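S.K.: Following this message is one structure expressed as structure tokens.
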């Protein structure tokens, strides 16, 4: 499957970036993330899902931006392209979005504290849980190539 080769290296790279960034994270940016998280709200809707996904992106981006490792930052940023594809597929399931959001809140609570081991533990759990959900979702759906072969390009584009 598409996600499997990415899961372990992604986990290692994200944890490394978090470790390198942990003591460099600006309080102002953590506060902005807290404000963003509070504005997500609680009513599952299309806007709620969009706000959850935007918060997800911003949260992960904070350690990408502050790890001071340009090579690692570029790799992680490029991996987010693939992750966003899976996120949009998973976003059809509000319970999965809620679980991810709750995990992100726990990670955010750890940011700005001296408890790096807690932060990395929470991040590892979040990435592993997300990979499990992607795997389950991929097994429930037909492969993309089979679905698109039966449809015209116009149908695929939604025209």
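Numbering (this note's numbering), first residue to last: 117 to 275. Idealized CB from N, CA, C, for every residue including glycine. From a predicted model like this one, the values you see are computed outputs, not experimental measurements.
(1) Using the Cα positions of residue 158 and residue 174, report the straight-line distance between them to the nearest angstrom.
(2) Tell me the DSSP secondary structure of residue 237 in three-state form.
(3) On the DSSP letters alone, give me the boundaries of the alpha helix (DSSP H) that residue 210 sits inside.
(4) Using a Cβ distance threshold of 8 Å, determine whether the region 144–151 contacts the region 220–239, with at least three qualifying pairs required.
(5) Starting from the C-beta of residue 235, find all residues in its chain whose C-beta is less than 7 Å away, skip the five residues before and the five after it, and write them out in chain order.
(6) Give the DSSP-derived three-state secondary structure of residue 156 in the structure shown.
(7) For residue 152, I'd like the list of residues in its chain whose CB is within less than 7 Å of its CB, leaving aside the five on either flank, ordered along the chain.
(8) Which two residues bound the contiguous alpha helix (DSSP H) that contains residue 168?
(9) Quick one, which of 252, 136, 141 and 247 has its alpha-carbon nearest residue 198's?
M.R.: Straight from the coordinates:
(1) Walking along the chain shown from the start, residue 158 turns up at place 42. Walking along the chain shown from the start, residue 174 turns up at place 58. About 19 Å.
(2) Locating residue 237 in the chain shown gives position 121, counting from the first residue. Here residue 237 carries a helix assignment [DSSP, helix/strand/coil].
(3) To locate residue 210, count along the chain shown from 1; it is residue 94. In this chain, the alpha helix (DSSP H) harbouring residue 210 covers 210–226.
(4) Because the criterion of three Cβ pairs below 8 Å is met, the region 144–151 and the region 220–239 touch.
(5) The residue given as residue 235 occupies position 119 in the chain shown. By the criterion of a C-beta distance shorter than 7 Å, residue 235 is surrounded in its chain by 134, 138, 223, 226 and 227, once the five residues flanking it on both sides are discounted.
(6) Taking the first residue of the chain shown as position 1, residue 156 is located at position 40. It is coil, neither helix nor strand.
(7) Along the chain shown, one-based indexing puts residue 152 at 36. Cβ-Cβ distances below 7 Å link residue 152 to 171 and 174 in the same chain, with the five nearest sequence neighbours on each side left out; the list follows chain order.
(8) Residue 168 sits at position 52 when you count from the first residue of the chain shown. Per DSSP, residue 168 belongs to the alpha helix (DSSP H) from 162–182.
(9) Indexing the chain shown from 1 puts residue 198 at position 82. Nearest option by C-alpha distance: 247.
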